[in-house]
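This report refers to the structure that appears directly beneath it.
Chains as they are written, first to last, in the numbering used here: chain A, 145 to 738; chain B, 910 to 1069; chain C, 1109 to 1479; chain D, 17 to 371.
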């Protein structure tokens, strides 16, 4: 099976070929001319046949573009999808996959940020969904990464949530149809039918809270499948699966893939988003690779190998790695921080068993796909989420689950959750910058009566804040301005200033550039770089942007499934990282538990 | 709010009307009336009607009451249509029993029936022997001191 | 992915889940012999109180179903019921017709108050209970404004026995002689010398059947969904806000009916304080029966009424026999009523927090297995 | 021209917004009452005097809200717990026959350990129920009052001015503070401005002292931490603050201030109200600070002063003015509606993004 754009390109090439043949023909023999004409006719014939067979693709997205306040996230995205086709959509975090899906579903987020450019066609008709409900009515279903299931409902109840078949009761004449009674038998029947289509064993009467994760996933898919055509809605035609296998065991994933094939055979088109490339190759008809908001490649899945995809994903050979520090012999360097068997319980981000050595003076990056545990490492080490295992700092063991001990040891953490963890939104910049240093190290305090009274030293606070405002170029009206009034980039700078004020020996930075514009991004990265070089502070930086890590770090650890898969020097080619992220490793890997 | 005249709106309208009608019916059948029965010598249009010596009066199927002259008693009834039966012995030692139907005005709390008048004019319209009655006003004025309103709900806490 | 529990842990969990009920069983076990009441007396008192209070308590169930916690705003319904009773007393409608008419009058008032209350609670998601509690207080002010200053002045009240001598406002107590026990006495049977108001019990049974049926309706299902996770319900297209409002409206209307049933048994209406305490006592009784902020069943209602009211009946006498002061027992039962609510709320919050920590325990266990 | 008008309007709107619409309405209402007062024959001097007096009586209890709001424990509906500590202090001081100003000092001394112990326990409890503090605080207050009802009957008090005459034991429902600490603060340095207008300087000074202490505390390291805990608990935790300890400290402070508050109240009021007396004491204090502009997680000393003045002013003025005007005393109803309406308003407002 071949995708239509390829046909189009192929045809173009053919027609130019044909033109040249025709030119040729005027000077060549008539028979040759005839031959050429013949070819041409056959081509034409083929094309007509093709158009007849697939006259209207199920879904067509044309010239889709989207920007969030000037920040271009999608540029001219085109693709089509036929009934029964499985399209594998891959790309790094931030490549634009989720934005594309949000556009498809008409999420509020899109409408509130100024809509999008281009056109979405379903069965050849241009559509514009106001809400996801409209999209559902048109027969598009989505299974999210996070389960949207009710824990105390059975599978059946969840599958038919808000679409329950009803039995008439007289009271409904008066109080509306919501007073009709649920038709339990019919509900079971429908859900069993939907489950059967998946060809899995799933007890329709089982409570979701007692299900293994895989069954929850199947319940979600069955919910989409159970949507049959009614007079106002259409039966399910297109299913979007957003990383459905991320939380599944291998066995569960296998049965899911089988189920997907079954569905495709019954004519349902599937868009399959995943980071597990082998799955894509196994199950998809077509693979579409996105990067930086563009479609890089759309190829038939047949014959593609993982390294190829990984290369497409990570893409561009980066020219702008700003520094190349001599890779020193790591064996001789002093270990500053040692993580042993660290596990962290952080919602949506499970760290299972991390071993990691951080050397003094280096910048080490931690990368990996979303939800694989990279964010959990600093959060768990700091003690913001329940954690277990061991951490040694400068050879001493630091007790876990106690932020105070973490800070006292001389470490600091800039959280990825700026608004939730990083800032006192309702307080002034002064407070935000000075607070941690004041509390942990008794800075900016005047002491009276031999330290019994520790009075806030307003002047010292102001001076420090002003210093950092200048140094970091924080744009604000005054140091008294409230943190919530600043832009994202400036808020991030405040977070960094807060950490710098503590003057830590080791600084954890988590997603320092998330959600801020390019100008602020480079400022933040520069500040980190400078801090590391001037004061020799060791930095552990967590980021989902590999290029960012490569531009600033000495070494990069890749985390997957809650474990460190491997550590590579930052100068390693992107493709190697890409491979590592998707679970394929080469000999270059120099550490971590495998 | 947009009103659409669909089936459910109609149904609700009907239901509300039915409930209102039902409420009215309840009003008719649940309204309590006090009927005072009076056996006193009374002067009507200059003509004196003597009280009956000994009379037994029964309203509906309630307990029968006995009256001697100057007696007054009351019965409490609901609904509007009632029957009254009086039985007495006249001067000729004849047992006389009169049964009459009467209708109470809906909003009347209290009416008085003069038994002698009824006995004298058993066939007269009910307005002759039944009239509305109002409590003498001095009864109300007798309680001039203002009642102290206790809105503190803690009082109820202890004495529940 | 569930933690394996040992038997000891299971027992602990059972005790933890039923702390309040067990505590009450102990109180009653000590209180009954101390009070010296005969079994016959106690049983007949409890029967009376079941008939009197159950309806009110059942009205609390539906907001719990919708995840809105204990509806302290049921006092609003109680107020509506009382207004209905004031009107029928004024008009002199007696007996069963009087009760039914009072219910009919209370309904639109309850619905209006319920909608208002539901809207406010939608604005205060996450702290419904404390808000509904304050709504009760706030509405009490409006109620006083209407009953103490409006009735007789703006709203016509003719009866002198109702209106204060100053000419407007309803008196402290309204005698409900016309409807007193008319529901209870409609079908009173005696079993082993214990009078049983069968008709009232039938009404309560009908309400319970309604609640059970209601849980099977689409609306009931929607409420369960909203109660578990508002966002998931919203994503499925359920009108979350509307559903929550409806649950409060139903609760308020039933509370109004419950109040009328309650007062026909008592026989007098304390115009300015009957309603205020009723919310607290109903909530306490429900919690004693083993319900929590997030889960309540009909059996909790009856177990609760029985245990709570046994405590209520015996404590003054027990106090008198123990210390020589009946007042001590009275204070004791007030303390217990409030204490019960406190303990239940605290246990609920603690358990909620504990349940959230389970994922961590699983991870720790996993580590233990792997290491 | 037009632009100028628009600018003025927008400045006014800004001002209204920052000051809060409910406060402006209540303030205007109070102003109206003061303007109307002379016309209906109410003496302004007496009214002002009353208002000052009640301000002094209640301000400390309103101040008791501040520490808990600062640490993010929400409105202290559990104020009765602090009041109980105060009652214990007051009654103990009388039991040991301290008289005059000394009895007030000793009441504070006796009340302090109770306030600390009760506050500590209460704080521990609130730490276990983060997120549901307000409802639980309410019921902790109620059940502790009911528990103390039993204790007032049982505790072995013996001072004949305090116990029931006929039984010789069990405290009375109201105990006069006359001869003990009646008006010790009211009369201290009080200024007689006119016949009707007296300024209870001592009470103001006492409140001023406590307010200064709270203000100063909030400027120390620990005070700063407390504010941060209330503003964003996770932030504070990530800055190495032991959140639970700070919260407990705030609850102890609130409880202690509540204890002092009730003592100040009693010395002016003249009576100690036991048993169900403290039951609903929290609500007026809560609504006063809300009227003053505080929210569920932000409060300042200014909110306390403005709120107490507005709330007590209305409580003083409405009965006298209304009574003279329409011969009806609706003040109780107005109090209920205004105070609970204020609490509702605060509860339904979306709290800041950080929570």
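We put the CB at the ideal spot given by N, CA and C, even for glycine. All figures in this text were calculated on a predicted structure; none of them were measured in a lab.
What does the alpha-carbon distance come out to for the pair residue 223 of chain A and residue 206 of chain A?
By one-based count along the first chain, residue 223 of chain A stands at place 79. By one-based count along the first chain, residue 206 of chain A stands at place 62. Looking at the backbone, the Cα of residue 223 of chain A and that of residue 206 of chain A are separated by about 7 Å.
Near residue 154 of chain A, what residues of its chain come up, given a Cβ to Cβ distance below 7 Å and the 5 sequence neighbours on each side ignored?
Taking the first chain and counting its residues from 1, the one referred to as residue 154 of chain A is at position 10. Any reading at residue 154 of chain A needs caution, since the residue's pLDDT is 48, under 50, leaving its predicted position unreliable; the model's value is listed next. The answer is none, since no qualifying residue turns up.
For residue 1424 of chain C, go through chain B and note every residue whose CB falls closer than 9 Å to its CB, in chain order.
To locate residue 1424 of chain C, count along the third chain from 1; it is residue 316. Counting only Cβ-Cβ distances below 9 Å, residue 1424 of chain C has no contacts in chain B at all, with the closest Cβ about 10 Å away.
Is the CB of residue 658 of chain A under 9 Å away from at least one CB in chain D?
Counted from its first residue, the first chain places residue 658 of chain A at position 514. Interface flag for residue 658 of chain A against chain D is unset, since no Cβ pair is found closer than 9 Å.
Could you tell me which chain C residues have their CB closer than 8 Å to the CB of residue 325 of chain A, listed as they occur along the chain?
Translated into the one-based positions of the first chain, residue 325 of chain A becomes position 181. What residue 325 of chain A touches in chain C: 1321, 1324, 1325, 1326.
From the DSSP output, in three-state form, read off residue 356 of chain A for me.
For the purposes of this step, residue 356 of chain A is identified with residue 212 of the first chain, where counting begins at 1. In the structure shown, residue 356 of chain A falls within a coil segment according to DSSP collapsed to helix, strand and coil.
Neighbourhood of residue 69 of chain D by C-beta distance below 7 Å, restricted to the same chain and skipping five residues each side
Locating residue 69 of chain D in the fourth chain gives position 53, where the first residue counts as 1. Listed in chain order, the non-local C-beta contacts of residue 69 of chain D below 7 Å within the same chain comprise 216, 284, local neighbours out to five positions each way being set aside.
Unbroken alpha helix (DSSP H) run spanning residue 1308 of chain C, endpoints:
Here residue 1308 of chain C corresponds to residue number 200 of the third chain, with the count starting at 1. Taken as a continuous stretch (DSSP letters only), the alpha helix (DSSP H) holding residue 1308 of chain C covers 1306 to 1324.
Of all the options A:574, A:665, A:588, which has the alpha carbon lying nearest to the alpha carbon of residue 620 of chain A?
Within the first chain, the letter at position 476 stands for residue 620 of chain A. The option with the nearest alpha carbon to residue 620 of chain A is A:574.
CB contact below 9 Å: residue 917 of chain B versus chain A:
By one-based count along the second chain, residue 917 of chain B stands at place 8. Taking Cβ atoms only, chain A reaches closer than 9 Å to residue 917 of chain B, which makes this a yes.
Using CA atoms only, rank isn't needed, just tell me which of B:982, B:959, B:990, B:960 is closest to residue 969 of chain B.
To locate residue 969 of chain B, count along the second chain from 1; it is residue 60. The alpha carbon of residue 969 of chain B has as its nearest neighbour, out of B:982, B:959, B:990, B:960, the alpha carbon of B:990.
Roughly how many angstroms lie between the CA atoms of residue 1191 of chain C and residue 1378 of chain C, to the nearest whole one?
Position 83 of the third chain, counted from the start, is the residue given in the question as residue 1191 of chain C. Position 270 of the third chain, counted from the start, is the residue given in the question as residue 1378 of chain C. Distance between residue 1191 of chain C and residue 1378 of chain C, taken at the CA atoms: about 12 Å.
Identify the continuous beta strand (DSSP E) that holds residue 942 of chain B and give its terminal residues.
Translated into positions along the second chain, residue 942 of chain B becomes position 33. Per DSSP, the continuous beta strand (DSSP E) segment holding residue 942 of chain B begins and ends at 941 to 948.
Since residue 241 of chain D contacts residue 251 of chain D with CB under 8 Å, what's their CB separation in whole angstroms?
For the purposes of this step, residue 241 of chain D is taken as residue 225 along the fourth chain, with counting starting at 1. For the purposes of this step, residue 251 of chain D is taken as residue 235 along the fourth chain, with counting starting at 1. Not quite, the Cβ-Cβ distance comes to about 11 Å (not below 8 Å), so this is no contact.
Quick one: measure Cβ to Cβ for residue 456 of chain A and residue 235 of chain D, integer angstroms, because I've assumed they're closer than 8 Å.
Within the first chain, residue 456 of chain A is the residue found at index 312, counting from 1. Within the fourth chain, residue 235 of chain D is the residue found at index 219, counting from 1. Taking C-beta atoms under 8 Å as the contact rule, residue 456 of chain A and residue 235 of chain D fail to qualify, at a distance of about 59 Å.
Quick check: the segment 203 to 222 of chain A against the segment 387 to 395 of chain A, are at least 3 beta-carbon pairs closer than 8 Å?
Contact annotation: the segment 387 to 395 of chain A does not touch the segment 203 to 222 of chain A, with fewer than three C-beta pairs closer than 8 Å.
Under 8 Å by Cβ, that's how I've got residue 711 of chain A and residue 699 of chain A pegged, so tell me the actual separation to the nearest angstrom.
Counted from its first residue, the first chain places residue 711 of chain A at position 567. Counted from its first residue, the first chain places residue 699 of chain A at position 555. Beta-carbon to beta-carbon, residue 711 of chain A and residue 699 of chain A are separated by about 5 Å, close enough to satisfy the 8 Å threshold.
May I ask you to list, following chain order, the residues of the segment 82 to 110 of chain D that have a beta carbon less than 8 Å from some beta carbon of chain C?
Going along the segment 82 to 110 of chain D in chain order, one finds 93 with a Cβ nearer than 8 Å to chain C.
Under 9 Å between the Cβ atoms of residue 639 of chain A and residue 558 of chain A?
Counting from 1 along the first chain, the entry for residue 639 of chain A is found at position 495. Counting from 1 along the first chain, the entry for residue 558 of chain A is found at position 414. Cβ atoms of residue 639 of chain A and residue 558 of chain A: closer than 9 Å.
According to the Cβ coordinates, are residue 520 of chain A and residue 495 of chain A closer than 9 Å?
As a first step, residue 520 of chain A is located in the first chain; it is residue number 376 there, counting from the start. As a first step, residue 495 of chain A is located in the first chain; it is residue number 351 there, counting from the start. Against a cut-off of 9 Å, the Cβ pair of residue 495 of chain A and residue 520 of chain A comes out as a contact.
Any idea if residue 513 of chain A is buried or exposed, counting beta-carbon neighbours within 10 angstroms, 16 or more meaning buried?
Here residue 513 of chain A is taken as the residue at index 369 of the first chain, counted from 1. Buried is the call here.
Between residue 1114 of chain C and the rest of its own chain, which residues show a CB-CB distance below 8 Å, the 5 nearest in sequence each way excluded?
Within the third chain, numbered from 1, the residue matching residue 1114 of chain C stands at position 6. The answer is none, since no qualifying residue turns up.
Taking residue 357 of chain D as the query, report the chain C residues whose CB atoms sit under 7 Å from its CB, ordered along the chain.
Working through the fourth chain from its first residue, we reach residue 357 of chain D at position 341. Under the 7 Å cutoff, chain C gives 1246.
Taking the DSSP output, what are the residues bridged to residue 967 of chain B?
For the purposes of this step, residue 967 of chain B is taken as the residue at position 58 of the second chain. For residue 967 of chain B, the beta-bridge partners assigned by DSSP are B:994.
Does the Cβ-Cβ distance between residue 1319 of chain C and residue 1414 of chain C come in under 9 Å?
Taking the third chain and counting its residues from 1, the one referred to as residue 1319 of chain C is at position 211. Taking the third chain and counting its residues from 1, the one referred to as residue 1414 of chain C is at position 306. Taking 9 Å as the Cβ cut-off, residue 1319 of chain C and residue 1414 of chain C do not qualify as a contacting pair.
Reduced DSSP category for residue 21 of chain D - H, G, I as helix; E, B as strand; rest coil
Within the fourth chain, residue 21 of chain D is the residue found at index 5, counting from 1. If DSSP states are grouped into helix, strand and coil, residue 21 of chain D belongs with the helices.
For a contact meaning CB atoms closer than 8 Å, what does residue 582 of chain A contact in chain D?
In the first chain, the residue the question calls residue 582 of chain A occupies position 438. Ordered by position in chain D, the residues that pass the 8 Å Cβ test against residue 582 of chain A are 237, 240.
Note down, in chain order, all residues in the segment 572 to 602 of chain A with a beta-carbon under 8 Å from any beta-carbon belonging to chain D.
Closer than 8 Å at the C-beta level to chain D, one finds these residues of the segment 572 to 602 of chain A: 575, 579, 580, 582, 583, 584, 586, 589, 597, 598, 599, 600.
Sheet register partners of residue 487 of chain A (DSSP bridge)
Counting from 1 along the first chain, the entry for residue 487 of chain A is found at position 343. For residue 487 of chain A, the pairing in a beta bridge is given by DSSP as A:532.
Assuming residue 107 of chain D and residue 178 of chain D make a contact with CB atoms under 8 Å, what is their CB distance in whole Å?
Numbered from 1 along the fourth chain, position 91 holds the residue referred to as residue 107 of chain D. Numbered from 1 along the fourth chain, position 162 holds the residue referred to as residue 178 of chain D. Going by Cβ atoms, the distance from residue 107 of chain D to residue 178 of chain D rounds to 7 Å, so yes, they are a contact pair.
Within this structure, are the beta carbons of residue 240 of chain A and residue 211 of chain A separated by less than 9 Å?
If you number the first chain from 1, residue 240 of chain A lands on position 96. If you number the first chain from 1, residue 211 of chain A lands on position 67. Cβ distance not < 9 Å, so residue 240 of chain A and residue 211 of chain A don't count as in contact.
Beta strand (DSSP E) containing residue 1408 of chain C: first to last residue?
Taking the first residue of the third chain as 1, we reach residue 1408 of chain C at position 300. From DSSP, residue 1408 of chain C is part of no beta strand (DSSP E) but of the alpha helix (DSSP H) over 1406 to 1431.
Residue nearest to residue 1017 of chain B in terms of C-alpha spacing, selected from B:1026, B:985, B:1033
The count along the second chain starts at 1 and reaches residue 1017 of chain B at position 108. Nearest option by C-alpha distance: B:985.
Proximal chain D residues relative to residue 1238 of chain C, where beta-carbon distance stays under 8 Å:
Reading the third chain from its first residue, position 130 is the one you call residue 1238 of chain C. Simply 93, 150, 151, 154, 363.
Can you check whether the C-beta of residue 1057 of chain C is within less than 9 Å of a C-beta belonging to chain B?
There is simply no residue 1057 of chain C to check, as chain C begins at 1109 and stops at 1479 in what is shown.
Around the Cβ of residue 1221 of chain C, are there at least 16 other Cβ atoms within 10 angstroms (buried) or fewer (exposed)?
Here residue 1221 of chain C corresponds to residue number 113 of the third chain, with the count starting at 1. Buried, since its Cβ has 16 or more Cβ neighbours within 10 Å.
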